[in-house]
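Numbered by our numbering, the letters in the sequence shown go through residues 1252 to 1449 in order.
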Amino acid sequence: MGQYPFFYFYDLEFDASKILDFINTIPDEEWVGPHIGNYDPDIDTTEHLADNNLWTANNLQTDFTKCNEINKIAKYFSPGRRFFKGMMIKKSKKDFKSPFHPLMQNLEFDKKNNIVRTFDIIVPIQGGFVESPLEAIDTKTNEHFTLVPKGLAFMVPNDPSWHFSWCETIHDFRYTLHLRGVMPIKHEFMKGYYHKNV
């Protein structure tokens, strides 16, 4: 049996409703509709699968510092130095079933910019996280895992061998805040630094 891929941050407190209030102020033009494809661009993909179903707002186009609750989360992951590279908010339409795929990977971009992605921290904001939790597949072993929702922020490995899927079933939109990790900050380092005996 493989290792459960979801790592919880037990002492990170946040008020999801305050972040949702901020999300509701983001103008339409700052929501970008991403393409869901394969990590390797040489592999055929299903074009436009995410059109009108999935959007992201990132901290380069949207001023996340206007939200004090996001600032608190960023500070938690910046103990002297910042452990993450960037932030984004993901917006997923109700009943859209995401295919299993690596989280926000782009092989060409990563090679061009010498980036090796290592982890994603996911903060649940709005969604049927209990009724329809995030799922993961370790493609190296074909093992399937389902998140046990605890109302907590959690971390997943961002190695492209890990594929993830979700489907919002309760709200019109599912919102999650993502903090992206890249080398030299490793997934295992984060687990050790934030480990809690619970």
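Even for Gly, the Cβ is constructed at its ideal location relative to N, Cα and C.
What you are looking at is a predicted structure, and each value in this text was computed from that prediction instead of being measured.
So within the stretch 1375-1434, which uninterrupted alpha helix (DSSP H) runs reach at least 4 residues, ignoring any that extend past its ends?
Whole alpha helix (DSSP H) segments, 4+ residues: zero.
Kindly confirm or deny that the stretch 1376-1394 and the stretch 1429-1446 touch, where touching means at least three C-beta pairs closer than 8 Å.
The stretch 1376-1394 vs the stretch 1429-1446: no contact.
N-terminal and C-terminal residue of the beta strand (DSSP E) that Ser1329 is part of
It is not in any beta strand (DSSP E) - Ser1329 carries neither H nor E in the DSSP assignment.
Identity of the residue in Asn1409, Leu1271 and Lys1323 nearest Leu1354 by Cα
Of all alpha-carbon atoms in Asn1409, Leu1271 and Lys1323, the one lying nearest the alpha-carbon of Leu1354 is that of Asn1409.
Reference Met1339, options His1414, Val1283, Thr1397 and Lys1437, closest by Cα:
Selected option, being the one with the closest Cα: Val1283.
Using the beta-carbon count (16 or more within 10 Å), is Tyr1426 buried or exposed?
Classification of Tyr1426: buried, given that the 10 Å Cβ count is 16 or more.
Proximity of Phe1370 and Val1399 at Cβ, strictly below 8 Å:
No. Outside cutoff.
Let's test the definition: count the other Cβ atoms within 10 Å of the Cβ of Ile1421 and tell me whether it reaches 16, buried, or not, exposed.
By the neighbour-count rule (16 or more Cβ atoms within 10 Å), Ile1421 is not buried but exposed.
Could you spell out the range, first to last residue, of the alpha helix (DSSP H) harbouring Leu1271?
Annotation for Leu1271: the continuous alpha helix (DSSP H) segment containing it runs Ala1267 to Ile1274.
Paired residues, beta bridge with Pro1307 - DSSP:
The question names Pro, but residue 1307 is Thr in the sequence shown. DSSP, once it has assigned bridges, lists Val1283 and Lys1341 as partnering Thr1307.
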